[in-house]
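K.L.:
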């Protein structure tokens, strides 16, 4: 076997996030030179992620993996599920949490040499933390995360520039392996066949949870071809002649309609995969068993009675700061969707700065009244917030896409065949993205809004039977109210796992997407 020279850039150690005042490129992965975007796999890594941590330089990181496996094997239950925990479930969860508290505080220094090991460690530790938090009885006055999790998780999150919470990248981008490694390169999408994936880590070990993550992973892989078209478009915009206009039209047609009114482009293929969610993910299983595990909190907008997460031991490392972003995973953290928004110039309509996804959000029309140059008093947009949850945020290519199609508007006044074809292709791509968001709203209604309504009715029925004397109100029954009351009160809008007020926010983003259409195509 031939080894690289020690001075080769790929042999250099991974740069530490704390060693520089400005972002530096990580050269320990082949994708790093393209801002962590691989031409074959997009925002997913070009090779399967590490499946399990191992002992390294005398530090037994397998202890973390073992605890995560034990949580899954013990069938830990959500503490605020309807009906509450049985005494046996509460005993098993406390036995597991006691083991977490007894863990040694492992240093992360040996992991710093490898980006892929850091990413696996983030996934494992964040998952353990979510198991710990959401299995705690609701009678606990505080949520205190023990130092053996706090310190390494916050230190690793600092290195990766990610929040110390389960993110979309943990669940989707770095949570896969091959079903059959021997056929991994037989795909028209590149070196990874979207149908040849399996999930490494889940909370529930249910097929529904695996299918939920795999659907997002397959959408990411379909989007790889969209990233290639974006790059080609940027090249043609630089040239800017008549031939370039025709080539850009061709690229946009491939995104939106493949050149035919009755055919689907790449965005349409992504929509088809999104609709396949129903093939393998049961809505009730998702809402009751899966979704509660990866809930986070909105640190800056805690509801009355909601418990703050206390990271014990944070004072033991003076470099660490109290986390300010703990929203949990969300489809809004998908880089491919944000890339399409920015590339098509849609984000200025769909993700206005005042549209943050929080309770203070107003209609997108109000965003137009805000002065674009006065950012001091404006909240960060949802787009900006979710970029904090994406890997390598400071190296992200999204800002580079901003000038891409922002100059198409002048073509609307030019009545040439080329100009009209370009505008038609652009509008078709925008409307394809709007249609994708239509499908997402339908998924959210089926998997969150409708189950929440059923859960509310079940809770009301349970309480009425208790009042009639048919069921005794026990300690566990009292605890059971918490989640349903938190998520399904009629006066409290439903929130997504990323902290957004769901229906209002998604409809505003969808409607804003349509507003990006140019001219009279509508």
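Numbering (our numbering), first residue to last: 14 to 535. Ideal Cβ positions, reconstructed from N, Cα and C, are used throughout, including at glycine.
Where does residue 315 sit, in a helix, a strand or coil, going by DSSP?
P.N.:
Three-state DSSP puts residue 315 in coil, outside helix and strand.
K.L.:
Could you compute how far the alpha carbon of residue 55 sits from the alpha carbon of residue 175?
P.N.:
19 Å
K.L.:
State yes or no: is the C-beta of residue 228 within less than 8 Å of the C-beta of residue 222?
P.N.:
no
K.L.:
For residue 156, which residues does DSSP report across the bridge?
P.N.:
322
K.L.:
I need the DSSP call for residue 339, collapsed to helix, strand or coil.
P.N.:
strand
K.L.:
Measure the beta-carbon distance from residue 146 to residue 322 and round it to whole angstroms, keeping in mind my assumption that it falls under 8 Å.
P.N.:
7 Å
K.L.:
Using the Cα positions of residue 404 and residue 182, report the straight-line distance between them to the nearest angstrom.
P.N.:
7 Å
K.L.:
Determine which residues share a DSSP beta bridge with residue 236 and list them.
P.N.:
Paired residue(s): none; residue 236 is not in a bridge.
K.L.:
Whole angstroms is fine: what's the gap from residue 515's alpha carbon to residue 462's?
P.N.:
A direct Cα-Cα distance of roughly 9 Å separates residue 515 from residue 462.
K.L.:
Do residue 219 and residue 303 count as a contact pair if the criterion is CB distance below 8 Å?
P.N.:
Judged by their CB atoms, residue 303 and residue 219 are nearer to each other than the 8 Å cut-off.
K.L.:
For a quick check, are the C-beta atoms of residue 283 and residue 456 less than 8 Å apart?
P.N.:
Taking 8 Å as the cut-off, the Cβ atoms of residue 283 and residue 456 do not count as close.
K.L.:
By how many angstroms is the C-alpha of residue 448 removed from the C-alpha of residue 234?
P.N.:
19 Å
K.L.:
Report yes if the CB atom of residue 440 is closer than 8 Å to the CB atom of residue 292, and no otherwise.
P.N.:
no
K.L.:
Between residue 266 and residue 521, is the Cβ-Cβ spacing less than 8 Å?
P.N.:
Contact: no.
K.L.:
Is the CB-CB distance between residue 83 and residue 102 below 8 Å?
P.N.:
No. Outside cutoff.
K.L.:
Could you tell me if residue 96 is buried or exposed, where buried requires 16 or more neighbouring beta carbons within 10 angstroms of its beta carbon?
P.N.:
The residue is exposed, with fewer than 16 neighbouring Cβ atoms inside 10 Å.
K.L.:
Between residue 167 and residue 232, is the Cβ-Cβ spacing less than 8 Å?
P.N.:
With respect to residue 232, residue 167 sits apart: the two C-beta atoms are not nearer than 8 Å.
K.L.:
Looking only at its chain, what residues have a beta carbon closer than 6 Å to the beta carbon of residue 105, apart from the 5 residues adjacent to it on each side?
P.N.:
87
K.L.:
Between which two residues does the beta strand (DSSP E) holding residue 211 run?
P.N.:
210-212
K.L.:
On the criterion of 16 or more Cβ atoms from any shown chain inside 10 Å, does residue 329 qualify as buried, or is it exposed?
P.N.:
exposed
K.L.:
Measuring only the C-alpha atoms, how far is residue 343 from residue 518?
P.N.:
13 Å
K.L.:
Which residues mark the beginning and the end of the alpha helix (DSSP H) in which residue 281 is found?
P.N.:
279-288
K.L.:
Using DSSP with H/G/I as helix, E/B as strand and the rest coil, what is residue 529?
P.N.:
If DSSP states are grouped into helix, strand and coil, residue 529 belongs with coil.
K.L.:
Is the Cβ-Cβ distance between residue 159 and residue 325 less than 8 Å?
P.N.:
Cβ distance < 8 Å, so residue 159 and residue 325 count as in contact.
K.L.:
Quick one: is residue 252 buried, meaning 16 or more other Cβ sit within 10 Å of its Cβ, or exposed?
P.N.:
exposed
K.L.:
In whole angstroms, what is the alpha-carbon distance linking residue 64 and residue 337?
P.N.:
29 Å
K.L.:
Can you tell which of 123, 358 and 402 has the C-alpha that lies nearest to the C-alpha of residue 345?
P.N.:
Comparing Cα positions, the closest option is 402.
K.L.:
Please classify residue 51: does DSSP put it in a helix, a strand, or coil?
P.N.:
strand
K.L.:
Mapping DSSP to helix, strand and coil, what is residue 188?
P.N.:
coil
K.L.:
On the DSSP bridge assignment, give the partners of residue 571 in chain order.
P.N.:
The structure shown does not extend to residue 571, since the chain spans only 14 to 535, so no value can be given for it.
K.L.:
Would you call residue 384 buried or exposed, if buried means 16 or more other Cβ atoms sit within 10 Å of its Cβ?
P.N.:
Residue confidence is low: residue 384 scores 29 on pLDDT, short of 50, so the model does not pin down where it sits. Its coordinate-derived value is still stated next. Classification of residue 384: exposed, given that the 10 Å Cβ count is below 16.
K.L.:
In three-state terms, what does DSSP make of residue 249?
P.N.:
helix
K.L.:
Within the same chain, show all residues whose beta-carbon is closer than 6 Å to that of residue 185, passing over the 5 residues directly before and after it, in chain order.
P.N.:
226, 229 and 230
K.L.:
Tell me whether the beta-carbon of residue 98 lies closer than 8 Å to the beta-carbon of residue 62.
P.N.:
no
K.L.:
Of all the alpha helix (DSSP H) runs that stay within the bounds of the region 46-113, which reach a length of 4 or more residues?
P.N.:
75-86
K.L.:
Determine, using beta carbons only, whether residue 172 and residue 119 come nearer to each other than 8 Å.
P.N.:
It is not a contact, given that the beta carbons lie outside the stated cut-off.
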